[in-house]
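> This is the structure I have questions about; it appears just below.
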Amino acid sequence: MRSLYTSQHTPAFRQHPGRAFCLFSLLLLLYGMSGCASHVQEITTVEPLEEPVVANPRPQSPGTLWNGDDSNWLADVKARRVGDIVTVIIKEQAKASKEATTDTSRDSSISAGISSFFGLEESVEEKTRITPSSMIGASTGNQFEGRGKTTRAENLAATLTAQVVEVYPNGNLKIRGGKSVAVNNENQIIYLTGIVRPHDVTAGNTVDSGNILNAQITYTGKGAISDKQKPGWLTRIFDHTWPF
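Residue 192 in our numbering sits at position 192 of the sequence shown, and the numbers go up by one each step.
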């Protein structure tokens, strides 16, 4: 009766361990897929796209309705104050190539023996079967060969409008700007920040990105194309956990 009672109350996962393992694997897979589907990757930039800086109103000249800059039609329109706008021509090209070759080898040999030892050489050879004149002989060899090569090329061309957010005591301007473009559910964001000299701002109120100090240019995107450029979540898990 005791054995019958035990067999009737045996858990199902003990009776069918293979089926239980398959069920557990399926639940784990569904959990991973649901977590992947609910996670939305946010676009990260060096700094968030902020609201434009509002400049303080310029003081007006006594007895007039306009300030000194607005009354002069020939006034310089280049950005030089906080809140002014400047157009940045982004032309970034970078190309690097590096190649290294290493080839080393070393050969060495050693030999030692006793050519004469009080006339007992022949006696020692007969009794021990050892030739004293060539008792020790060894040679070693070591060779290493390695080659490496890397090549990288980058090209970025764009036009971006930035704003002066700070003027340094020496007159240099800190600019910052960004824009977001959405085309066919693909959102592209470009962001720029850096420091420029007023002398580098052209008469057309433009500045080349090559003249920007500490330039930080970020170009990123989000959408179907960006998602296809990265491996799936299961592949990434194997890449992090695979020991070989």
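Note that beta-carbon positions come from the ideal geometry of N, C-alpha and C, so glycine has one too.
Remember, predicted model here, so these are calculated numbers, not experimental data.
Would you check if the stretch 170 to 188 and the stretch 206 to 225 touch, i.e. whether three or more CB-CB distances between them fall below 8 Å?
The stretch 206 to 225 vs the stretch 170 to 188: in contact.
> Can you find at least 3 beta carbon pairs, one from the stretch 97 to 110 and one from the stretch 178 to 188, that sit closer than 8 Å?
With a cut-off of 8 Å, the stretch 178 to 188 and the stretch 97 to 110 do not count as touching, because too few Cβ pairs lie within range.
> Quick one: is residue 239 buried, meaning 16 or more other Cβ sit within 10 Å of its Cβ, or exposed?
Exposed.
> Is the CB-CB distance between residue 86 and residue 167 below 8 Å?
Going by C-beta atoms, residue 86 is not nearer than 8 Å to residue 167.
> Within its chain, find whatever has a CB closer than 6 Å to the CB of residue 184; leave out the 5 residues flanking it on each side and keep chain order.
Around residue 184: no qualifying Cβ.
> Using the Cα positions of residue 88 and residue 171, report the straight-line distance between them to the nearest angstrom.
Rounded to whole angstroms, residue 88 to residue 171 spans 18 Å at the Cα level.
> Can you list, in chain order, the residues of its chain with a C-beta nearer than 7 Å to that of residue 181? Leave out the 5 residues immediately preceding and following it.
Same-chain partners within the cutoff: 188.
> Who are the near neighbours of residue 148 in its chain, counting only those whose CB is closer than 6 Å to its CB and skipping five residues on each side?
100.
> Start and end of the beta strand (DSSP E) containing residue 214?
Residue 214 -> beta strand (DSSP E) spans 213 to 222.
> Would you grab the beta carbon distance between residue 78 and residue 201 for me? Rounded to a whole angstrom, and I think it's under 8 Å.
The pair is a contact, with the Cβ atoms about 5 Å apart (cut-off 8 Å).
> Consult DSSP for residue 150 and reduce its assignment to one of helix, strand or coil.
Here residue 150 sits in strand by DSSP.
> Around the Cβ of residue 162, are there at least 16 other Cβ atoms within 10 angstroms (buried) or fewer (exposed)?
With 16 or more Cβ atoms within 10 Å of its Cβ, residue 162 is classed as buried.
> Can you find the residues in the same chain that come closer than 7 Å, C-beta to C-beta, to residue 137, ignoring five residues on each side of it along the sequence?
Answer for residue 137: 111, listed in chain order.
> For residue 194, which residues of its own chain have a beta-carbon under 7 Å away from its beta-carbon, when the five flanking residues on both sides are left out?
Cβ within range, chain order: 175, 212, 213, 214, 215, 216.
> May I have the straight-line CA-CA distance separating residue 196 from residue 143, to the nearest angstrom?
Spanning the two alpha carbons is a distance of roughly 54 Å.
> Should residue 156 be labelled buried (16 or more other beta-carbon atoms within 10 Å of its own) or exposed?
Residue 156 should be labelled exposed.
> Would residue 192 be called buried (16 or more neighbouring beta carbons within 10 Å of its own) or exposed?
Buried, since its Cβ has 16 or more Cβ neighbours within 10 Å.
> Take residue 95 and list the residues in its own chain whose beta-carbon comes closer than 6 Å to its own, dropping the five residues that flank it on each side.
Hits under 6 Å: 153.
> Between which two residues does the beta strand (DSSP E) containing residue 187 stretch?
Here the beta strand (DSSP E) through residue 187 covers 186 to 196.
> Can you tell me whether DSSP reads residue 206 as helix, strand or coil?
In this structure, residue 206 counts as strand in the three-state DSSP scheme.
> Please report the distance separating the alpha-carbon of residue 198 from that of residue 159.
Looking at the two C-alpha atoms, the distance is approximately 19 Å.
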